[in-house]
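All remarks here apply to the structure that follows.
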Amino acid sequence: MTSLGPTSQRYYSQGLRLHYVDWGNPEAPPLLLVHGGNDHCRSWDWVAQRLCDRFHVMAVDLRGHGDSDHAPGSHYPTHGFILDIAQLIEQRQLAPVNILAHSWGGAVSLLYAGIYPEHVRRLMVIEGWGPSPEIVKKHGDLAMHERLRQWVEATRAVAHKRPPRYASIDDCVARMKAANGRLSDEQARHLTLHAACQNEDGSWSWKYDPYVRVISPVWTPPAELLPIWSRIDCPVLLLRGTESWASDPLADGRAAAFRDVRVEALERAGHWVHHDRLDDVVDMAGDFFSQQILVDQL
């Protein structure tokens, strides 16, 4: 099957009009792609193009990102993002679904899979298991009044700071490349064209809501997070780049929370492993998710 590209679709979650792209092939097993923080669904285009002949690929814009609505009040708790995933899977009748997710999208997808283990066939997460236990311990388990105060102050700081505006799309591309020096010029431009929009005065800004960068005071502590992961009963593949900040979940012990897990690391890759080592990630994802097709045929 040759795809001309994805079609834009809409769905609703908590009154928000959210966006996703559908790569067609609806008779194939569903594969949902979930982006990371400050990103967008078209970040998956290169992966989707090479998997859409075997899977019904859909990529979602989480609330506050891409072409989805921003949340009223600019508050982005984790459970809101979980709801967005749950709504899409429910409304489009995708369960049981395969999920490939990156960074923050991975953290959300792991929680969803632990809440609804019967709805997920296989789950591949790229650097989406959060800060290492050492970092969590260093910052301590703050009391609720301290977390609330931090959230109020951080929200005020965003409100008082005007989001950056760029004179041209080329300036946006340069900023994109500065964030990930491994991107080719073609990759950086493609990502930027879907990440930025032009303002009325002709300048350019990023589409994502600046408030998504503020950490919600409502979060799942490690003591409650690992038991949720332990409820996931599908195969899980955790992938990281050896040149990233993400810690090894095997070495730090977090991988032990999963019933059926495989951990892989790719060299010459940072946090955006699917951009830095595209061919390897596509091969790995194709093999991992295709194994379920073989199981279903037995």
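Position 189 (the sequence shown) corresponds to 189 in UniProt numbering; numbering is contiguous. Even for Gly, the Cβ is constructed at its ideal location relative to N, Cα and C.
- The criterion of a C-beta distance shorter than 8 Å is satisfied by Trp-151 and Pro-217.
- With fewer than 16 neighbouring CB atoms inside 10 Å of its own CB, Met-144 falls in the exposed class.
- For Val-214, the three-state secondary structure derived from DSSP is coil.
- Partner residues in the beta bridge of Val-57, as assigned by DSSP, are Leu-31.
- Distances from the alpha-carbon of Leu-226 to those of Ile-115, Arg-147, Glu-267 put Ile-115 closest.
- Leaving aside the five residues that flank Trp-272 on each side, the residues in its chain whose CB is nearer than 7 Å to its CB run, in chain order, Asn-180.
- Under the Cβ criterion (8 Å, minimum of three pairs), the segment 44-57 does not count as touching the segment 196-214.
- Judged by pairs of C-beta atoms under 8 Å, the segment 56-64 does not touch the segment 118-125, as fewer than three such pairs exist.
- The residue from Ile-82, Leu-94, His-75 with its alpha-carbon nearest to that of Asp-22 is Leu-94.
- Three or more Cβ pairs drawn from the segment 77-92 and the segment 10-18 lie within less than 8 Å of each other, which places the two stretches in contact.
- Note on the segment 60-147: whole alpha helix (DSSP H) runs with a minimum of 4 residues are 78-91, 103-115, 133-139, in chain order.
- Taking C-beta separations shorter than 8 Å and ignoring five residues to either side along the sequence, the partners of Tyr-166 in its chain run Cys-172, Arg-175, Ala-196, Ser-203, Trp-204, Ser-205, following chain order.
- The C-alpha of Gly-286 is placed about 7 Å away from the C-alpha of Leu-51.
- Excluding its 5 nearest sequence neighbours in each direction, Asp-252 has C-beta neighbours in its own chain below 6 Å: Ser-132, Pro-133, listed in chain order.
- Fully contained in the segment 231-283 are the following alpha helix (DSSP H) runs of length 4 or more, in chain order: 273-276.
- Distance between Ile-232 and Ser-168, taken at the CA atoms: about 45 Å.
- Proximity to Leu-142 across Glu-186, Pro-222, Arg-156 peaks at Pro-222, based on C-alpha coordinates.
- Between Leu-250 and Val-263, the beta carbon gap of about 5 Å places them in contact (Cβ cut-off 8 Å).
- The Cβ-Cβ distance between Pro-26 and Asn-98 does not fall below 8 Å.
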